[in-house]
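2 protein chains.
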Amino acid sequence: MPQGQVSVTPADGLTTRQRRNRPLLVVHTGVMKGKSTAAFGMALRGWNQGWSIGVFQFVKSAKWKVGEEEAFRALGRVHDETGEGGPVEWHKMGSGWSWSRKQGSETDHAEDAREGWAEIRRRLRDARHGLYVLDEFTYPLKWGWIDVDEVVAELTDRPGHQHVIITGRDAPQALVDAADLVMETTKVKHPMDAGQKGQRGIEW
Amino acid sequence: MPQGQVSVTPADGLTTRQRRNRPLLVVHTGVMKGKSTAAFGMALRGWNQGWSIGVFQFVKSAKWKVGEEEAFRALGRVHDETGEGGPVEWHKMGSGWSWSRKQGSETDHAEDAREGWAEIRRRLRDARHGLYVLDEFTYPLKWGWIDVDEVVAELTDRPGHQHVIITGRDAPQALVDAADLVMETTKVKHPMDAGQKGQRGIEW
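Quick note, the sequences are listed as chains A and B, same order.
Here the working numbering is used: the first residue of the first sequence is 1, the next is one more, and so on.
Here the working numbering is used: the first residue of the second sequence is 205, the next is one more, and so on.
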């Protein structure tokens, strides 16, 4: 099939232009690393379109920082100073979300995760960002901390033109069903199989 | 297996530290989109480490431009102005490589591709970059324009600490064999199956 050619034209009553501009729900799942990396790669394109980028990392440690964070913070400053690209917000669950007055409950990650989702829901309803990266968001769903059906309903009904990328292993089936694009990265060969240790600039 | 734990310790006589710092040859292949996107995501981490990033796109059109190009050019300027991150060079085959005095032979892509590889080989020998992205480089290999065995020999013997990421469908077996890390992205579900057209910020 030639690139850009669609295999079926859906009977959804939309024009090609409307269909082209439909906001997407993207899920990057599977057991391999590279899920977040690919999501941040997509976010580069969104940044270049001038979209407001909102990253929400559902990671437990406040200390854990990937190179993408520094790079996107730099791109956010480029936008603030020159108007090029889009604005960038980067939030981490860590030991408390940055918008929260609470220090974050080192012991109650479920509560922290629910607070993160509540804020994302508010932003979705306000159509605050053009692109959301909900990094490792499948885990609080998988562990039952956040209700999958509520998330799917909220995402399905989101107003405006907001793209959402969700990463993490074991994406719940209801989320996969609701997604427009689901990508899975498979390992063909990995250096850790041959005793290679994780290294700076590659793994973080 | 816990993250960061290796499954075997190779009898290569290297210390863990040496092994941790081994430069990697990475291949992103498979039929899905997302190969280049993931490679550029990895390059964000390298940029944050202060590595010199060299991107070489083996694409035919000079007009084709992905959002990542603008974002990395912005990051390169951030480096030049503030010293943050690493320097960035972005070269496209298009209608002639930027370093070339020739206009580029719109008709002889094989010749253009060989010229690109000759320059990359020079840079590898000089250890010019910390990270190379050879985007869509599998195609000139597949079409026999550039000799796979020569490429593999050159990559295997590259001096210093240079990471190389190669993207494109149908990576030749000799290249896969030589690689430290091979990633393949599989489609679980794609919007073009449902008549979704490619769109700005997502597909480019």
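In this text, a Cβ means the ideal position worked out from N, Cα and C, and glycines have one as well.
Keep in mind that this is a model prediction, so the values were computed, not measured.
- Using a Cβ distance threshold of 8 Å, Met236 (chain B) and Met183 (chain A) count as a contacting pair.
- For Gln162 (chain A), there is no enclosing beta strand (DSSP E), since its DSSP letter is neither H nor E.
- Partner residues in the beta bridge of Ile53 (chain A), as assigned by DSSP, are A:Val88 and A:Leu131.
- What Trp47 (chain A) touches in chain B, judged by beta-carbon distance under 8 Å, is Gly271 and Ala275, going in chain order.
- Membership of Val151 (chain A) in the alpha helix (DSSP H) is indicated by the continuous run Val148 to Thr156.
- Straight across, the Cα-Cα distance linking Leu175 (chain A) with Thr390 (chain B) is about 18 Å.
- Of A:Ile120, A:Leu131, A:Gly168 and A:Leu124, the smallest CA-CA separation from Trp143 (chain A) is found for A:Gly168.
- In the three-state reduction of the DSSP assignment, Glu136 (chain A) falls in the coil class, being assigned neither a helical nor a strand state.
- Among the CB atoms of chain B, none fall inside 8 Å of the CB of Val152 (chain A).
- Contact of Leu279 (chain B) with chain A by beta-carbon distance below 9 Å involves Ala71, Ala74, Leu75 and Val78.
- When the Cα atoms are used, Val263 (chain B) and Lys296 (chain B) turn out to be separated by approximately 7 Å.
- For Val27 (chain A), the beta-bridge partners assigned by DSSP are A:Ile166 and A:Val182.
- Around the beta carbon of Thr138 (chain A), 16 or more other beta carbons lie within 10 angstroms, which makes this residue buried.
- If you draw a straight line from the Cα of Leu385 (chain B) to the Cα of Asp361 (chain B), it is about 17 Å long.
- The three-state secondary structure of Arg226 (chain B), taken from DSSP, is coil.
- The beta carbon of Gly238 (chain B) falls within 8 Å of a beta carbon belonging to chain A, placing the residue at that interface.
- Look at Phe262 (chain B) here: in three-state DSSP terms it is coil, with no helix or strand label.
- For the C-beta of Arg404 (chain B), the chain A residues within less than 7 Å are, from N- to C-terminus, Gln49.
- The beta carbon of Asn252 (chain B) sits closer than 7 Å to the beta carbons of Gly289 from its chain, once the five residues preceding and following it are set aside; these are given in chain order.
- Taking 8 Å as the CB threshold, Leu359 (chain B) stays off the interface with chain A.
- Taking a Cβ-Cβ cut-off of 9 Å, Glu319 (chain B) has no neighbours in chain A, whose nearest Cβ is about 26 Å from it.
- For Ala171 (chain A), there is no enclosing alpha helix (DSSP H), as DSSP marks it with neither H nor E.
- If you draw a 10 Å sphere on the C-beta of His365 (chain B), you find fewer than 16 other C-beta atoms in it, and that means exposed.
- Look at Val270 (chain B) here: in three-state DSSP terms it is coil, with no helix or strand label.
- Cβ contact annotation for Val231 (chain B) (same chain, cutoff 7 Å, sequence separation greater than five): Ile370, Ala375, Leu379, Val380, Ala383 and Val386, in chain order.
- Here Thr37 (chain A) has Glu68 as same chain residues with Cβ atoms under 8 Å from its own Cβ, once five neighbours each way along the sequence are excluded.
- Going by C-alpha positions, Val78 (chain A) is about 26 Å away from Gly94 (chain A).
- With respect to chain A, the C-beta atom of Ala242 (chain B) has a partner C-beta closer than 8 Å.
- In this structure, DSSP gives Ser100 (chain A) a state outside helix and strand, which the three-state scheme calls coil.
- Annotation for Arg200 (chain A): no alpha helix (DSSP H) segment contains it, and DSSP assigns it neither H nor E.
- Chain-ordered, the chain A residues with CB closer than 7 Å to the CB of Glu288 (chain B) read Ala74.
- In this model, Gly287 (chain B) and Glu315 (chain B) are separated by some 37 Å (Cα to Cα).
- Take the alpha-carbon of Ala71 (chain A) and the one of Leu228 (chain B): they are about 21 Å apart.
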